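Undergrad:
Chains as they are written, first to last, in the numbering used here: chain W, 586 to 960; chain D, 2 to 355; chain Z, 53 to 332.
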């Protein structure tokens with residue numbers, strides 16, 4: 586007795602009165618009391634399911650006896666709800682605390698705090714512009730390097746790699762996310778920077794030295810070193826999320842393109858990728874958000890200098906690195922408040938980027954905890 | 002939720018309760034990286050001889066030491082830069098500056114292929130750190146060094162990124178010998194450096210200079226020696242080019258002693274002294290102790306350790322690259338230590354010491 | 053075949069090679085890092101390394117015993133606080149997470165996953181260190197717990213949702229109340245996945261350094277007291293890597309190798325647990 590027109594249903598037939606609950610794929614519930622009938626699993630909305638159930642199993646209240654005094658259920662729900670509500674409360678608490686501690690500095694410097702380029706603890710003048718600039722530029726540089734690598738990896742793993750290669754390469758990419766930031770920093774100081782100095786910078790200088798981006802002396806610890814290490818660190822996030830986005834693309838897209846005579850690559854480029862465009866944008870933004878907040882590896886490689894310059898070869902500073910270096914020793918209350926203000930700016934920027942990224946990714950992958958494996 | 006979790010909790014709490022039962026006094030201090038080499042040596046060897054006292058020192062920079070000490074998140078602080086009057090007033094004067102050793106700030110550099118020790122005049126140092134001298138083979142540098150051939154490399158300045166007493170000593174010196182520096186930058190634990198790369202702690206500056214050809218930075222002598230970094234001779238006010246030897250560092254201090262008396266609070270600067278045999282960039286480094294502590298056991302253990310450092314510990318200074326304090330200071334230090342109170346009573350008297 | 057078709061086929065082949073190359077390039081740094089860790093760190097690992105605490109700066113012969121124990125204690129503290137809240141929130145999202153509150157909590161969890169750990173560190177300092185007057189392992193554990201909670205919530209939710217409804221229905225049909233079904237039947241079935249998520253979260257926070265800078269601070273000595281500052285492997289690596297002494301650099305590589313070993317073991321265990329579930 587299936588409903589005339591409905592979602593694909595799978596079911597178990599049983600003949601006992603039961604109160605059950607049905608889960609839609611998006612986690613919603615549809616409670617229904619039903620007798621003999623079908624237990625339904627469906628990927629569609631609960632209202633359709635409810636309708637399907639009512640069609641197949643008219644309720645007969647007399648035969649249903651489930652009104653036991655049940656304190657366990659409400660208690661359980663209250664406890665779980667309480668624990669869950671702690672998350673937004675925690676975030677609110679962090680945001681509130683940052684705002685309160687930053688208030689003195691923000692009151693004194695106003696909006697100009699974000700645009701002043703001097704950071705002078707002696708004269709008590711604090712401007713976050715060099716740090717904001719350094720954070721954004723190093724993260725953008727990281728994206729520039731990481732996006733081709735990550736998308737290439739994701740496409741390779743989902744479309745082109747032979748089955749035996751997928752697990753190992755996928756695992757290695759996930760492992761990139763597991764390496765602690767400080768280990769990246771250690772490797773960066775002793776291996777990456779000498780490598781950049783000997784192998785990468787001379788040709789870059791030779792070819793692009795006329796641009797303002799590669800002028801000046803190469804200090805080793807520089808915006809370039811910071812950007813490169815960030816790129817390596819965000820590749821796993823962008824790759825993992827992109828991979829899940831691509832896996833969520835229905836195979837009908839691929840098959841349709843191939844059916845029309847497209848080559849493997851053309852199918853990917855013209856049918857699969859555009860379908861996952863929003864999700865991939867989300868993945869890139871997620872990677873951007875991660876790069877913005879990175880602390881240890883960056884502070885060990887970027888040079889720690891409150892300076893705003895075009896050249897990638899010069900030392901720079903990021904918000905996170907500045908807080909890490911100066912927080913323990915801000916000797917005056919205004920200095921400390923200024924650092925909290927920097928923390929607040931960083932918090933707001935990363936929250937915004939992450940929120941946008943999640944919304945984009947959810948549109949494609951329908952609310953799944955995409956990318957949580959890589960985390 | 003799960004049984005195993007409960008026992009895990011009990012185990013951890015049990016673990017943490019055990020040391021308390023053993024009556025060990027744990028003291029935490031933080032601050033200057035300048036004396037970190039000798040402080041670590043002192044604290045770990047003192048703990049071996051006195052297992053009942055565990056000393057933890059974190060070298061986070063003098064600025065950090067002053068801040069954490071003022072915030073009361075550590076039992077004692079350490080700084081090369083004495084606290085300012087306003088900072089002392091902010092904690093109601095509840096601080097004693099106790100000098101521990103003398104040290105020298107050296108100008109260290111990384112010039113591959115140059116084996117002869119470089120000489121620096123005050124003007125050269127100021128101009129290098131102001132960013133006015135940008136090449137090692139600049140005529141002015143080679144002239145001071147008797148025409149020595151220097152490589153055609155850029156000068157890469159390395160300074161401190163954290164609040165630093167070593168920076169304070171160095172900028173104090175630069176402010177004295179260069180009016181341009183005094184106007185443009187000034188002295189302090191954290192200044193607006195005109196040029197250069199920031200390294201964290203003496204450790205970070207030494208590491209960066211060591212890894213960057215063409216770099217120049219300022220570090221405490223122990224870090225240059227421990228890392229086999231070359232350092233230059235600095236010309237003092239009398240015109241002599243001085244190495245940061247034990248004698249030269251002690252001589253720098255000698256002129257200051259007559260100006261200090263039994264009631265001194267030890268906050269004196271000994272950079273750019275007039276003496277002919279003095280190294281120009283030297284300084285004392287201080288431990289910050291409170292005049293009044295809450296916990297008598299902790300205060301007593303701390304003061305005993307400090308007195309040990311002022312007496313037996315001084316023997317370790319020279320081998321590690323620091324100069325011991327002149328003996329003339331000892332009675333005054335002992336007076337200060339005797340004045341420390343906890344719970345309304347003195348925690349230590351000089352006669353109690355061996 | 054027309055010339056055009058040949059061009060298109062060639063382009064497809066070339067692009068296949070390009071994405072393969074990009075994938076290899078993406079994992080190359082990982083291989084390099086591991087190779088360097090083993091090459092530079094393995095020779096420094098001996099019994100002393102695991103059993104002794106640090107010696108004074110510049111001397112040789114020290115170890116990282118205090119850091120290893122410290123890491124274990126702080127991570128254990130983080131789990132104590134973080135797991136009940138994280139797994140509980142995850143269960144909420146899986147069982148009751150259909151409405152607006154569920155959507156909101158899910159969104160917040162995902163957004164919190166991207167919060168810079170340094171911001172969590174300064175919040176923990178403000179709440180735990182400043183008022184209490186000392187740095188402590190507890191404050192460090194709390195900071196790490198704040199990082200673990202959103203991770204655990206999301207992975208737990210995913211794993212519990214994977215449990216087939218037939219199991220739930222069968223339990224309900226047998227007369228189990230909702231809460232008991234959820235706790236004993238569903239959670240037990242999803243336990244493997246939940247443990248996987250927990251292992252991954254532990255692996256992540258074990259390597260954290262930034263939030264510990266102002267909470268656990270660091271300790272030269274061997275200490276197990278949770279109310280005192282504590283050393284961790286990550287802090288130790290940071291101090292040693294940025295220092296000038298050759299000895300310290302050696303120890304930094306070795307400590308990094310040990311830390312990476314721990315993280316790798318946790319990740320591999322997590323994978324192994326999940327793989328077994330898939331087979332079943």
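All residues carry an ideal CB built from backbone N, CA and C; glycine is no exception.
Small disclaimer: the values here were computed from a predicted structure and weren't measured.
If you pair each beta-carbon of the region 924-934 of chain W with each one of the region 744-763 of chain W, do three or more pairs fall below 8 Å?
TA: Result no; under three Cβ-Cβ pairs closer than 8 Å.
Undergrad: For residue 196(Z), which option in 283(Z), 151(Z) and 256(Z) has the closest C-alpha, if you only look at C-alpha atoms?
TA: To locate residue 196(Z), count along the third chain from 1; it is residue 144. Looking at the Cα atoms, 256(Z) is the closest of the given residues.
Undergrad: Which runs of the beta strand (DSSP E) spanning at least 3 residues fall entirely within the region 720-795 of chain W, listed in chain order?
TA: Whole beta strand (DSSP E) segments, 3+ residues: zero.
Undergrad: For the region 250-282 of chain Z, list every residue whose C-beta sits within 8 Å of some C-beta in chain D, in sequence order.
TA: Those would be 269, 270, 271, 272, 273, 275, 276, 277, 278, 279, 280 and 281, in chain order.
Undergrad: Please check if any C-beta of chain Z sits within less than 8 Å of the C-beta of residue 828(W).
TA: Taking the first residue of the first chain as position 1, residue 828(W) is located at position 243. Not one chain Z Cβ lies under 8 Å of residue 828(W).
Undergrad: Sorted by chain position, which residues of the same chain lie with C-beta nearer than 7 Å to residue 315(Z)'s C-beta, five sequence neighbours on each side aside?
TA: By one-based count along the third chain, residue 315(Z) stands at place 263. If we look at residue 315(Z) and ignore the five residues flanking it on each side, its Cβ neighbours are 255, 258 and 259.
Undergrad: Closer than 9 Å, Cβ to any Cβ of chain Z: which residues of the region 714-739 of chain W, in chain order?
TA: Hits within the stretch, in order: 731, 733, 734, 735, 736, 737, 738 and 739.
Undergrad: DSSP state of residue 156(D), grouped into three classes?
TA: Taking the first residue of the second chain as position 1, residue 156(D) is located at position 155. Of the three classes helix, strand and coil, the one that applies to residue 156(D) here is coil, per DSSP.
Undergrad: Mind reading off the beta-carbon distance from residue 282(D) to residue 174(D)? Whole number of angstroms is fine, and I expect it under 8 Å.
TA: Indexing the second chain from 1 puts residue 282(D) at position 281. Indexing the second chain from 1 puts residue 174(D) at position 173. That belief holds up - the Cβ atoms of residue 282(D) and residue 174(D) are roughly 5 Å apart, short of 8 Å.
Undergrad: Considering only residues of the region 123-200 of chain D, which uninterrupted alpha helix (DSSP H) runs meet the minimum length of 4 residues and lie entirely inside it, listed in chain order?
TA: Qualifying alpha helix (DSSP H) stretches, in chain order: 123-131, 140-145, 166-178 and 180-185.
Undergrad: With residue 92(Z) as the anchor, note down where its alpha helix (DSSP H) starts and where it stops.
TA: For the purposes of this step, residue 92(Z) is taken as the residue at position 40 of the third chain. It spans 55-93 - the alpha helix (DSSP H) in which residue 92(Z) sits, taken as one unbroken run.
Undergrad: Assuming contact is defined by CB atoms lying nearer than 8 Å, are residue 70(Z) and residue 737(W) in contact in what I supplied?
TA: Here residue 70(Z) refers to the residue found at position 18 when the third chain is read from its first residue. Here residue 737(W) refers to the residue found at position 152 when the first chain is read from its first residue. The answer is yes: Cβ separation under 8 Å.
Undergrad: Which same chain residues, not among the five before or five after residue 827(W), have their C-beta less than 7 Å away from its C-beta?
TA: Taking the first residue of the first chain as position 1, residue 827(W) is located at position 242. Counting only Cβ-Cβ distances below 7 Å, and skipping sequence neighbours, we find 735, 736, 739, 865 and 868.
Undergrad: Listing by chain order, which chain D residues have their CB less than 7 Å from the CB of residue 115(Z)?
TA: By one-based count along the third chain, residue 115(Z) stands at place 63. Neighbours of residue 115(Z) on chain D: none; closest Cβ ~13 Å, over 7 Å.
Undergrad: If we define contact as Cβ-Cβ less than 8 Å, is residue 914(W) a contact residue for chain D?
TA: In the first chain, counting from the first residue as 1, residue 914(W) sits at position 329. True, the Cβ-Cβ gap to chain D drops below 8 Å.
Undergrad: Start and end of the alpha helix (DSSP H) containing residue 249(Z)?
TA: Position 197 of the third chain holds residue 249(Z). Looking at the DSSP string, the run of the alpha helix (DSSP H) that includes residue 249(Z) is 239-258.
Undergrad: Alpha carbon to alpha carbon, what distance is there between residue 230(Z) and residue 650(W)?
TA: Indexing the first chain from 1 puts residue 650(W) at position 65. Indexing the third chain from 1 puts residue 230(Z) at position 178. The predicted model places residue 650(W) with a pLDDT of 45, which falls under 50 and marks its position as unreliable, so this point remains unresolved.
Undergrad: Closer than 8 Å, CB to CB, is residue 917(W) near chain Z or not?
TA: If you number the first chain from 1, residue 917(W) lands on position 332. Closer than 8 Å: no.
Undergrad: Can you list, in chain order, the residues of its chain whose CB lies under 6 Å from that of residue 27(D), leaving out five sequence neighbours each side?
TA: On the second chain, residue 27(D) is found 26 positions in, with the first residue counted as 1. Answer for residue 27(D): 55, listed in chain order.
Undergrad: Quick one: what does DSSP say residue 309(Z) is sitting in, helix, strand or coil?
TA: The residue labelled residue 309(Z) in the question sits at position 257 within the third chain. Residue 309(Z) falls in the helix class under three-state DSSP.
Undergrad: Expressed to the nearest angstrom, what Euclidean distance is found between the alpha-carbon atoms of residue 100(Z) and residue 763(W)?
TA: Residue numbering aside, residue 100(Z) sits at position 48 when the third chain is read from its first letter. Residue numbering aside, residue 763(W) sits at position 178 when the first chain is read from its first letter. The alpha-carbon atoms of residue 100(Z) and residue 763(W) are separated by roughly 27 Å.
Undergrad: In angstroms with no decimal places, state the Cα-to-Cα distance between residue 142(Z) and residue 806(W).
TA: To locate residue 142(Z), count along the third chain from 1; it is residue 90. To locate residue 806(W), count along the first chain from 1; it is residue 221. About 42 Å.
Undergrad: For residue 247(Z), decide whether its Cβ has a neighbour in chain D, counting only Cβ atoms nearer than 8 Å.
TA: In the third chain, residue 247(Z) corresponds to position 195, counting from 1. No, no contact with chain D.
Undergrad: Count the other CB atoms within 10 Å of the CB of residue 799(W); is the residue buried (16 or more) or exposed (fewer)?
TA: As a first step, residue 799(W) must be located in the first chain, where it is residue number 214. By the 10 Å Cβ count, residue 799(W) comes out buried.
Undergrad: Does the Cβ of residue 595(W) have 16 or more other Cβ atoms within 10 Å, making it buried, or fewer, making it exposed?
TA: For the purposes of this step, residue 595(W) is identified with residue 10 of the first chain, where counting begins at 1. Annotation note: pLDDT 46 at residue 595(W) (below 50); position unreliable, coordinate value reported separately. Classification for residue 595(W): exposed.
Undergrad: By a C-beta neighbour count over all protein chains shown, 10 Å radius and 16 as the cutoff for buried, is residue 271(Z) buried or exposed?
TA: Taking the third chain and counting its residues from 1, the one referred to as residue 271(Z) is at position 219. Result: buried.
Undergrad: Would you list the residues sitting across from residue 40(D) in a DSSP beta bridge?
TA: One-based indexing of the second chain puts residue 40(D) at position 39. Paired residues: none, contrary to the question.
Undergrad: Between which two residues does the alpha helix (DSSP H) holding residue 676(W) run?
TA: On the first chain, position 91 is the one that residue 676(W) refers to. Run containing residue 676(W): 657-694, per the alpha helix (DSSP H) assignment.
Undergrad: Of the residues 324(Z), 275(Z) and 295(Z), which one's Cα is nearest the Cα of residue 25(D)?
TA: Residue mapping note: residue 25(D) aligns to position 24 of the second chain, counting from 1. When each option's Cα is compared against that of residue 25(D), the closest is 275(Z).
Undergrad: Going by DSSP, which residues form a beta bridge with residue 705(W)?
TA: Stepping through the first chain from its first residue, residue 705(W) is reached at position 120. Answer is 710(W).
Undergrad: Less than 8 Å between the C-beta atoms of residue 130(D) and residue 234(D), yes or no?
TA: Within the second chain, the letter at position 129 stands for residue 130(D). Within the second chain, the letter at position 233 stands for residue 234(D). It is not a contact, given that the beta carbons lie outside the stated cut-off.
Undergrad: Please list, in chain order, the chain W residues whose beta carbon lies closer than 9 Å to that of residue 101(Z).
TA: Reading the third chain from its first residue, position 49 is the one you call residue 101(Z). Those within 9 Å of residue 101(Z) in chain W number zero; the least Cβ separation is about 16 Å.
Undergrad: In terms of residues, what are the limits of the beta strand (DSSP E) holding residue 820(W)?
TA: Against the first chain, residue 820(W) aligns to sequence position 235. Segment 808-833 is the alpha helix (DSSP H) holding residue 820(W); no beta strand (DSSP E) there.
Undergrad: Since residue 80(D) contacts residue 186(Z) with CB under 8 Å, what's their CB separation in whole angstroms?
TA: Taking the first residue of the second chain as position 1, residue 80(D) is located at position 79. Taking the first residue of the third chain as position 1, residue 186(Z) is located at position 134. Not confirmed; about 19 Å, so no contact.
Undergrad: Pull the bridge partners of residue 80(D) from the DSSP assignment, please.
TA: Reading the second chain from its first residue, position 79 is the one you call residue 80(D). DSSP output for residue 80(D) lists 287(D) as bridge partner(s).
Undergrad: Quick check on residue 294(D): does DSSP put it in helix, strand or coil?
TA: On the second chain, position 293 is the one that residue 294(D) refers to. It is a strand residue.
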